[in-house]
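Structure record follows, encoded as structure tokens.
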Amino acid sequence: MSRIRTVKPELFSHEELYDAEKETGLPLRLAYIGLFTVADREGRFRYKPRTLKKDVLPYDEVDFERVLDALVTRGYLVRYTSATGEALAYIPTFTRHQHVNVKEPPSSLPSPDIEPEPESPASQGPPRDDDACGTRDDPRAHLGTGTGTGTGTGKGTKPKTDGDDKRTGTLDAAGVSVAIIGWERERKKAARGVSPSNPTVIDLAALGLSRDELRAAYDDAVASRLADDDPTPVNAGFVRTFVEKRRNPPKPTPRDDWRRSESGISRRASELGIAPRPGESFDALRERVSAAERRNGAHP
């Protein structure tokens, strides 16, 4: 059932959403607006691409499943599954920007266990003073009351507000997703492939990362992108590379490793002020350098 919803003027000049539309060649802006009318008062709806297309873009020859996937991977939508296995989705910042009629019935769909609210694209442009919610530095919030109603999980599950496992202090997949999306938005980047259901995000969360450890690896990944002059957004797989580098740093090279290569022999000879003789082999030079170290009492 379609509903009357509010569309802010800023949405039509939203650069990130426009860039995503140009990149994919899909009608993301119109589809995104159309999903407002499909969502219930908590921003939730059943994730049925064929049905949604009939409600949102009935006359367009477009693969609406691709449209939905593009919105999910960029953080405009979040998919989740009910306790009964029903595919659902919600618009993360829906309740911040919609003033729902009090007569509209409560949501009949269960709330997700975790409901991250990434800053930016779903916020429909720069927030006004009355929209501010302090999520730029810590892009975490939640929708609804966490009580749920109707057919789903009955009493529902109270959502975690930050994606952290309080018992271990580590981030789950939703927490990892929200963090990377938020940090990339601060760089004016539209993160791709970092939804909570993405396998690379799940694998990254399985490493048991604290927010600080994730941030350190993310900063390393950004530094690598900048050093390579690579404008590509940082994704979970790339961040994982730097998590593993930090957890398994290269072992320091032993001082005596110079003996194993010609460049090492030349370097050590130069350090000791020993010049190669004309026609001298590296084996002979190595012996002279070793003898000099023994005479000088130098440690290899």
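Residue numbering for the sequence shown is 154 to 453, as defined by our numbering.
Built from N, CA and C at the ideal position, the CB exists for glycine as well.
{"Item": "Taking only three categories from DSSP, how would you classify Tyr212?", "Value": "coil"}
{"Item": "Take Arg488 and list the residues in its own chain whose beta-carbon comes closer than 6 Å to its own, dropping the five residues that flank it on each side.", "Value": "Absent from the structure is residue 488, since the part of the chain shown begins at 154 and ends at 453."}
{"Item": "State the CB to CB distance for the pair Ala370 and Val396, rounded to an integer number of angstroms; the pair is presumed to be in contact (CB under 8 Å).", "Value": "4 Å"}
{"Item": "Closer than 8 Å is the cut-off here; do at least three beta carbon pairs connect the region 420–440 with the region 381–388?", "Value": "no"}
{"Item": "My assumption, with CB atoms under 8 Å, is that Tyr200 sits in contact with Ala240. Please give the rounded CB distance.", "Value": "4 Å"}
{"Item": "Could I get the ranges of all uninterrupted alpha helix (DSSP H) runs contained in the region 372–425, with 4 residues as the minimum, in chain order?", "Value": "389–400 and 415–424"}
{"Item": "Can you tell me the Cα-Cα spacing of Pro258 and Phe391, whole angstroms?", "Value": "44 Å"}
{"Item": "Please return the same chain residues whose Cβ sits closer than 6 Å to the Cβ of Glu440, not counting the five positions on each side in sequence.", "Value": "none"}
{"Item": "Counting C-beta neighbours from all protein chains within 10 Å, is the total for Gly322 16 or more, i.e. buried, or is it exposed?", "Value": "exposed"}
{"Item": "Confirm, please, whether the CB-CB distance from Asp193 to Ser264 is below 8 Å.", "Value": "no"}
{"Item": "Using DSSP bridges, identify the partner residues of Tyr229.", "Value": "Tyr229 pairs with nothing; no bridge assigned."}
{"Item": "Within 10 angstroms of its Cβ, does Lys341 collect 16 or more other Cβ (buried), or is it exposed?", "Value": "exposed"}
{"Item": "Based on Cα-Cα distance, which residue from Ser434, Lys161, Arg400 and Gly426 lies nearest to Glu415?", "Value": "Ser434"}
{"Item": "Determine the closest residue to Leu179 out of Glu214, Ala332 and Val253, with distance taken between C-alpha atoms.", "Value": "Glu214"}
{"Item": "Please state the DSSP three-state secondary structure of Thr353.", "Value": "helix"}
{"Item": "For Glu366, which residues of its own chain have a beta-carbon under 8 Å away from its beta-carbon, when the five flanking residues on both sides are left out?", "Value": "Val396 and Arg399"}
{"Item": "According to DSSP, is Arg197 part of a helix, a strand, or is it coil?", "Value": "strand"}
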